[in-house]
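Just below is one structure, and these are the notes that go with it.
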Amino acid sequence: MSDTIEVDGKQLAVDEEGYLADLNDWVPAVADVMAKQDNLELSEEHWDIINFLREYYEEYQIAPAVRVLTKAVGKKLGKEKGNSKYLYSLFPYGPAKQACRFAGLPKPTGCV
1 MSDTIEVDGK QLAVDEEGYL ADLNDWVPAV ADVMAKQDNL ELSEEHWDII NFLREYYEEY
61 QIAPAVRVLT KAVGKKLGKE KGNSKYLYSL FPYGPAKQAC RFAGLPKPTG CV
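Residue 59 in the numbering used here is what sits at position 59 of the sequence shown, and the numbering runs on without skipping anything.
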């Protein structure tokens, strides 16, 4: 039996690590619900990374590992955001893993 989270009154299936079972279920409220579970409040900076990840996934069909994410964010959003210290300050449980979960993406390859 899989777990679920409640988003806008709907039950959405998640795997045992909390990643959405169906990427098509994602709506922005998913990120808000997951952030609350992690005791985080999403800011504009969080959304920059979440939206970046969704675009990245659309283009490459893969969730980037943290090194790739850091480099790609630096290229697109600027050096001050493209470093792991900044990304960890937003996503303390791991920028790739936690941000991908909030973005409704599968767990990044290479993440344990």
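Every residue gets a Cβ at the ideal spot worked out from N, C-alpha and C, and that includes glycine. Small disclaimer: the values here were computed from a predicted structure and weren't measured.
Kindly indicate the opening and closing residues of the alpha helix (DSSP H) around residue i.
i     : result
ILE5  : ILE5 -> not in any alpha helix (DSSP H); beta strand (DSSP E) instead, spanning 3-7.
VAL14 : Not the alpha helix (DSSP H): VAL14 falls in the beta strand (DSSP E), residues 10-14.
ASN51 : 44-60
PRO95 : 95-102
LYS75 : 66-77
Between residue i and residue j, which are expected to be in contact by the criterion C-beta below 8 Å, what is the C-beta distance as a whole number of angstroms?
i      : j     : result
LEU105 : LEU53 : 6 Å
Which residues in the same chain have their Cβ closer than 8 Å to the Cβ of residue i, if we skip the five residues on either side of it in sequence?
i     : result
TYR11 : The sequence as given places Gln at residue 11; Tyr does not occur at that position. Closer than 8 Å at Cβ, skipping near neighbours: THR4, ILE5.
How would you call residue i, buried or exposed, if buried means at least 16 neighbouring beta carbons within 10 angstroms?
i     : result
PRO92 : exposed
LEU23 : exposed
LYS97 : buried
VAL14 : buried
Counting only beta-carbon separations shorter than 7 Å, does residue i have a partner in chain D?
i     : result
TYR60 : Within the model displayed, chain D is absent; a lone protein chain is all it includes.
Tell me which residues share the same chain as residue i and place their Cβ nearer than 6 Å to its Cβ, disregarding the 5 neighbours each side in the sequence.
i     : result
VAL30 : VAL7, GLY104
In its own chain, which residues sit with a C-beta less than 7 Å from the C-beta of residue i, not counting the 5 before and 5 after it?
i     : result
TRP26 : LEU20, GLY104
Considering only DSSP beta bridges, list what residue i is partnered with.
i     : result
LEU20 : VAL14
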